[in-house]
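K.L.:
The following block contains the structure, expressed as structure tokens.
Shown next, in the form of structure tokens:
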């Protein structure tokens, strides 16, 4: 785990922690910690306030990005291995999806990302090698994502091999679930224009049940998650012919 990842982990655990305490825990100077925090704040993952490092508001996507950051980064890096230089992929909104987009933008060459996430578009804007196509629609401010009927009109012009999506929960009877009806509907529309729908989710989501069914099991090709996925869930998915890749 890098020092930046350790900082994110500590702040995620404490919610609010003194900058001086971070320096002591990580055995580096206050100047070094401040430089690290400057970088993390510039990326929107954390923010600083009167000598403290804090998480963002819980409704903000930056807050979700900081939670289980180390696991999400590993999942994103593993998923990126399936994508070739020059490939065109579709990425729906979500914190692990944002980290996948970052991995492609800075460690792959000439990848084109079609996304409905203005957060992702902004998050990787400094990459010179990635091409971003941002799908327009009704803008949800907290999640920084475009949704609604306009997406359906725009997406008709595209077709890709891979769509990457995040989910909020898992239900043996209902499938993979979400918490926002409009976002789930938009994700399903995007899936209609992809050969393979691939889910990125840390194992904590297998212990949650979202309100709305986002994808039934026969609509999903692969799941990237971590090794803490319940064995029963992993076996169930594999019996449904869904490839489960763990990190």
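Residue numbers (the numbering used here): 3 to 249. Ideal Cβ placement from N, Cα and C applies to all residues, glycine included.
Determine, using beta carbons only, whether residue 78 and residue 48 come nearer to each other than 7 Å.
P.N.:
Reading the chain shown from its first residue, position 76 is the one you call residue 78. Reading the chain shown from its first residue, position 46 is the one you call residue 48. Taking 7 Å as the Cβ cut-off, residue 78 and residue 48 do not qualify as a contacting pair.
K.L.:
Note the first and the last residue of the continuous alpha helix (DSSP H) segment covering residue 108.
P.N.:
Taking the chain shown and counting its residues from 1, one reaches residue 108 at position 106. Looking at the DSSP string, the run of the alpha helix (DSSP H) that includes residue 108 is 97-109.
K.L.:
Assign residue 153 to buried or exposed, taking buried as 16 or more other Cβ atoms, counted over all protein chains shown, within 10 Å of its Cβ.
P.N.:
For this step, residue 153 is matched to residue 151 along the chain shown. So residue 153 counts as buried.
K.L.:
Roughly how many whole angstroms lie between the Cα atoms of residue 107 and residue 38?
P.N.:
Taking the chain shown and counting its residues from 1, one reaches residue 107 at position 105. Taking the chain shown and counting its residues from 1, one reaches residue 38 at position 36. Distance between the alpha carbons of residue 107 and residue 38 is about 21 Å.
K.L.:
Using CA coordinates, which residue listed in 133, 187 and 112 is at the minimum distance from residue 150?
P.N.:
Here residue 150 is taken as the residue at index 148 of the chain shown, counted from 1. The shortest Cα separation from residue 150 among 133, 187 and 112 belongs to 187.
K.L.:
Within a Cβ cutoff of 8 Å, which residues of the same chain sit near residue 97, ignoring the five residues on either side of it in sequence?
P.N.:
Position 95 of the chain shown, counted from the first residue, corresponds to residue 97. If we look at residue 97 and ignore the five residues flanking it on each side, its Cβ neighbours are 63, 66, 67, 69, 74 and 168.
K.L.:
Taking buried to mean at least 16 other C-beta atoms within 10 Å of its own C-beta, is residue 192 buried or exposed?
P.N.:
Looking up residue 192 in the chain shown gives position 190. Classification of residue 192: buried, given that the 10 Å Cβ count is 16 or more.
K.L.:
For residue 111 versus residue 87, is the C-beta distance shorter than 7 Å?
P.N.:
The residue you call residue 111 lines up with position 109 of the chain shown. The residue you call residue 87 lines up with position 85 of the chain shown. Yes.
K.L.:
Would you give the residue range spanned by the beta strand (DSSP E) that residue 173 belongs to?
P.N.:
Indexing the chain shown from 1 puts residue 173 at position 171. Element bounds for residue 173: 171-173.
K.L.:
Taking only runs of the beta strand (DSSP E) that begin and end inside the region 11-67, which ones reach a length of at least 3 residues, in chain order?
P.N.:
18-20, 49-51 and 54-56
K.L.:
Give a yes or no on whether the C-beta atoms belonging to residue 228 and residue 249 are separated by under 7 Å.
P.N.:
Counting from 1 along the chain shown, the entry for residue 228 is found at position 226. Counting from 1 along the chain shown, the entry for residue 249 is found at position 247. Cβ atoms of residue 228 and residue 249: closer than 7 Å.
K.L.:
Taking the beta strand (DSSP E) that residue 93 falls in, what are its first and last residues?
P.N.:
Along the chain shown, one-based indexing puts residue 93 at 91. That run of the beta strand (DSSP E) goes 90-93.
K.L.:
Kindly list the residues whose CB is nearer than 7 Å to the CB of residue 80, restricted to its own chain and excluding five residues on each side of it in sequence; keep chain order.
P.N.:
Counting from one through the chain shown, the residue named residue 80 turns up at place 78. Once the five neighbours on either side are set aside, the close Cβ partners of residue 80 are 226, 247 and 249.
K.L.:
As a quick exercise: from 173, 190, 145 and 144, pick the residue whose alpha carbon is nearest that of residue 157.
P.N.:
For the purposes of this step, residue 157 is taken as the residue at position 155 of the chain shown. The residue with the shortest Cα to Cα distance from residue 157 is 190.
K.L.:
Quick check on the DSSP output: the alpha helix (DSSP H) that includes residue 77 runs from which residue to which?
P.N.:
The sequence position of residue 77 within the chain shown is 75, counting from 1. Here the alpha helix (DSSP H) through residue 77 covers 71-82.
K.L.:
When you compare each of 212, 194 and 136 to residue 183 by their alpha carbons, which one comes out closest?
P.N.:
Residue mapping note: residue 183 aligns to position 181 of the chain shown, counting from 1. Each of 212, 194 and 136 was checked against the Cα of residue 183, and the nearest Cα belongs to 212.
K.L.:
Could you tell me which residues DSSP pairs with residue 135 in its beta bridges?
P.N.:
As a first step, residue 135 must be located in the chain shown, where it is residue number 133. Among the bridge pairs identified by DSSP, residue 135 is matched with 116.
K.L.:
If we require 3 or more residues per run, which beta strand (DSSP E) segments fall completely within the region 176-238?
P.N.:
177-180, 196-202, 214-217 and 224-227
K.L.:
Can you give me the start and stop residues for the alpha helix (DSSP H) that residue 149 sits inside?
P.N.:
On the chain shown, residue 149 is found 147 positions in, with the first residue counted as 1. No alpha helix (DSSP H) contains residue 149, which is instead part of the beta strand (DSSP E) from 147-149.
K.L.:
State the DSSP-derived secondary structure class of residue 247, mapped to helix, strand or coil.
P.N.:
Locating residue 247 in the chain shown gives position 245, where the first residue counts as 1. Three-state result, residue 247: strand.
K.L.:
Report the CB separation of residue 113 from residue 147 in whole angstroms; it is logged as a contact under 8 Å.
P.N.:
Walking along the chain shown from the start, residue 113 turns up at place 111. Walking along the chain shown from the start, residue 147 turns up at place 145. Contact flag wrong, Cβ pair sits at about 20 Å.
K.L.:
Rounding to the nearest angstrom, what Cα-Cα distance links residue 195 and residue 223 in this structure?
P.N.:
As a first step, residue 195 must be located in the chain shown, where it is residue number 193. As a first step, residue 223 must be located in the chain shown, where it is residue number 221. Approximately 14 Å, taken between the alpha carbons.
K.L.:
Quickly, what does DSSP pair residue 166 with across the bridge? List them, please.
P.N.:
Taking the chain shown and counting its residues from 1, one reaches residue 166 at position 164. The partner list for residue 166 (beta bridge, DSSP) reads 93 and 200.
K.L.:
What whole-angstrom Cβ distance do residue 231 and residue 205 have, given they're in contact under 8 Å?
P.N.:
As a position in the chain shown, residue 231 is number 229, starting the count at 1. As a position in the chain shown, residue 205 is number 203, starting the count at 1. Between residue 205 and residue 231 the Cβ distance is about 4 Å, and since that is below 8 Å, they are a contact.
K.L.:
Measuring CB to CB, does residue 94 end up less than 7 Å from residue 126?
P.N.:
The sequence position of residue 94 within the chain shown is 92, counting from 1. The sequence position of residue 126 within the chain shown is 124, counting from 1. Result no, Cβ atoms of residue 94 and residue 126 do not sit closer than 7 Å.
K.L.:
Just reading off the beta strand (DSSP E) that residue 140 is part of, what are its end residues?
P.N.:
Position 138 of the chain shown, counting from 1, holds the residue named residue 140. Residues 140-142.
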